[in-house]
Amino acid sequence: MQGANLQIPYLSFVIGHSSLVIFHRFSVFSARLEWLRRALAGPTNLALQAILSGALMLCLCDNAQATGSKTLSWGGDAEGGAPFQFQDPREPSRIIGFEVDIADAIGRVLGIPVQFVQNQWDGLIPGLDRGNYDMVVSGLEITPDRAQVVLFSRPYYVTFEQLAVRADDHSINSLDDCKAKTLGTLKGSLAQRILEARGNIRVLSYDGQINAYEDLLNGRLDGVLMDHIIALYNVAPLPQLKMTGPPVGRLEYGIAVRKGDEDLLAGINGALDKIIASGELRRILENWNLWTSQCAEYFNDREPSSARAEAYHAYLEERTGTVSFVARVKRYATYIPLLGRGALVTLELSLFAMTLAVFLGLLLALTRLYGPAPVRLAAGAYVESIRGTPLLIQLFLIFYGLPHIGIRFTPPIAAILGLGLNYSAYEAENYRAGIQSIPRTQMEAALALGMTRLQALRHVIVPQALRLVIPPVTNDFIALLKDSSLVSVITMVELTKA
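Residue numbers for the sequence shown follow our numbering, beginning at 1 and rising by one.
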């Protein structure tokens with residue numbers, strides 16, 4: 001079985017024309033601030049220039065690689081768990097699952113290499129809309145509301161909703177027995193709509209399937225209603241849980257592409273038709289123990305199944321098998337390279353964002369103190385508005401909001417801008433406090449010696465202020481390093497997603 005490689009580059013810059021324009025304008029702007037550059041002369045300035053140059057080189061190099069490669073990228077959420085797409089326990093750098101096998105089969109038929117792109121499940125369609133990948137293959141149910149915003153392929157899997165309860169609970173045998181009960185399900189799923197339509201059930205929605213079944217085990221829920229495919233892989237390994245009741249509803253999984261990508265959709269449908277006719281789709285589903293009577297009826301393939309579900313039994317063995325302490329330690333050790341690469345991404349993002357925050361923060365501080373009244377008011381409004389709104393909201397606005405007005409950033413650029421702009425407001429206050437802490441007599445003495453105000457700032461005030469604010473700036477960098485975990489919501493694969 002072929003798995004998708006989970007690649008975590010140091011910084012996956014894939015920048016467009018707008019990003020290059022921004023870097024160009026930033027360079028021109030920096031050149032005009034010659035006095036500020038010279039005020040920061042020395043090792044600090046060289047280090048900052050090296051960081052910025054490295055960022056730009058990474059952008060350009062990766063952009064060249066991106067434009068030179070032709071792949072069919074597909075979005076999914078590896079955190080969703082088995083059997084859709086998940087990290088191979090034996091080799092964590094690989095993503096496996098029945099949808100990985102289907103995507104690989106489609107790529108072989110089309111003659112195009114496929115590439116997996118990690119994204120949170122509830123952000124898959126927005127990510128598709130902004131062009132982060134070509135299609136979505138992640139247990140996406142074909143529904144009328146989704147069909148209004150994306151194009152769906154023909155179904156590649158047909159299933160139903162399945163109720164799960166604790167094994168010692170004999171009071172619930174169907175949804176009719178769940179009145180006044182608390183049930184869990186996936187957020188935005190068909191199961192959630194079914195439960196909410198009944199009106200007499202308390203519904204708790206979850207971002208991930210595992211948490212719901214854990215809450216059921218711990219007694220926080222009376223039951224869980226999810227797709228049968230999910231229940232099969234989460235209930236079977238746990239003797240404390242059981243599936244109960246008849247099938248609920250009917251749902252179909254389809255591959256989503258952007259509106260306007262009719263040619264790609266036709267190619268995907270043609271590839272699906274071929275792997276259905278050749279029996280490859282059935283073999284994939286049988287391998288994961290997913291070939292059901294509903295699939296047999298829909299695909300008009302009612303031949304009895306005799307294939308052994310190798311992938312399914314391997315998964316059960318990993319979940320239920322007894323693992324020695326030494327084997328467990330060796331397994332955990334295989335995750336170290338992934339964590340290391342994720343840590344490097346986190347560190348690089350933080351360094352680039354802090355560089356932006358330092359320069360912009362110093363500029364804001366100087367304009368608030370010495371600029372004309374309108375500029376002082378604008379800088380003050382920026383600082384207070386940025387500090388008064390959550391960083392997560394700012395990241396969403398930059399990554400998902402700006403594309404609606406024609407401004408698009410790749411995930412790394414959006415992450416650096418979001419973190420850098422946010423922390424620049426805090427750095428501005430640090431620098432303002434540092435400058436104001438310098439005795440006013442020093443400015444007066446510099447002016448008395450014949451210096452201009454600009455020369456006094458450059459040679460006397462700013463160098464002293466920079467030394468004074470090193471401790472709070474260091475604290476802010478540590479805070480930014482931890483806040484960088486938030487960029488995972490805009491499809492950045494860093495330490496929290498490694």
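No residue lacks a Cβ here, since even glycine has one placed at the ideal position from N, Cα and C.
Computed from a predicted model, the values in this text were never measured in an experiment.
With 16 other CB atoms within 10 Å as the buried threshold, where does residue i fall?
i	result
G406	exposed
Y332	exposed
E427	buried
I413	buried
R467	exposed
S174	exposed
R453	exposed
H228	buried
N119	buried
D145	exposed
D222	buried
S484	buried
T389	exposed
F359	buried
P411	buried
D101	buried
G97	buried
Mapping the DSSP letters down to three states, classify residue i as helix, strand or coil.
i	result
M135	strand
E252	strand
W74	strand
I435	helix
T334	coil
I112	coil
A221	As written in the sequence, residue 221 is Leu, which differs from the Ala given in the question. Here L221 sits in coil by DSSP.
I398	helix
E429	helix
G361	helix
R130	coil
E303	coil
L480	helix
V489	helix
G81	strand
Y382	helix
T244	strand
T320	helix
I96	strand
T159	strand
Give every residue of the same chain whose Cβ lies closer than 7 Å to the Cβ of residue i, excluding the five residues on either side of it in the sequence, and list them in chain order.
i	result
T367	V375, R376, A379
D301	R282
E429	V383
Just the Cα atoms here: how many angstroms apart are residue i and residue j?
i	j	result
R193	V109	36 Å
L285	A307	10 Å
V383	F86	42 Å
L183	L163	9 Å
Y133	I125	10 Å
F84	T185	17 Å
T159	C295	7 Å
F352	I416	6 Å
S305	G249	24 Å
I461	I386	27 Å
E444	L356	31 Å
P439	L369	15 Å
Could you work out which residue in the options is closest to residue i when comparing CA atoms only?
i	options	result
E317	Q85, G75, R90	R90
K187	E297, S93, A212, A448	A212
G251	G97, I268, A448, L140	The amino acid at residue 251 is misidentified as Gly; the sequence shows Leu. Nearest option by C-alpha distance: L140.
L225	G260, N269, D263, C178	C178
K242	D169, G260, L419, Q209	D169
N218	R432, A167, L356	A167
I435	Y156, A365, I95	A365
Y312	K330, W291, E297, V326	W291
L151	N200, G80, N269	N269
P471	Y156, R458, V345, A433	A433
P92	A103, G279, A78, Q240	A78
P246	D263, D176, Y233, G254	D176
G267	S171, M443, R154, L360	R154
L238	Y400, Y156, Y315	Y315
L232	N289, K259, E280, G279	N289
Q148	F399, K259, N200	K259
K482	M354, S437, E161, A381	M354
State yes or no: is the beta carbon of residue i nearer than 8 Å to at least one beta carbon in chain B?
i	result
S93	Absent from the structure: chain B. Only one protein chain is present.
Output needed for residue i: all residues of its chain with C-beta closer than 8 Å, excluding positions within five of it in sequence on either side, in chain order.
i	result
L392	L486, V489
T143	L190
L447	R453, A456
If you drop the 5 nearest sequence neighbours on each side, which residues of the same chain put their C-beta closer than 6 Å to that of residue i?
i	result
V136	G75, L124, L128, A256
S73	Q115, V117, Y133, D134
A425	V383, I386, R387
Tell me whether residue i, by its Cβ, gets closer than 7 Å to a heavy atom of the ligand FAD.
i	result
P83	In terms of ligand content, the structure shown is empty, and the ligand FAD therefore cannot be addressed.
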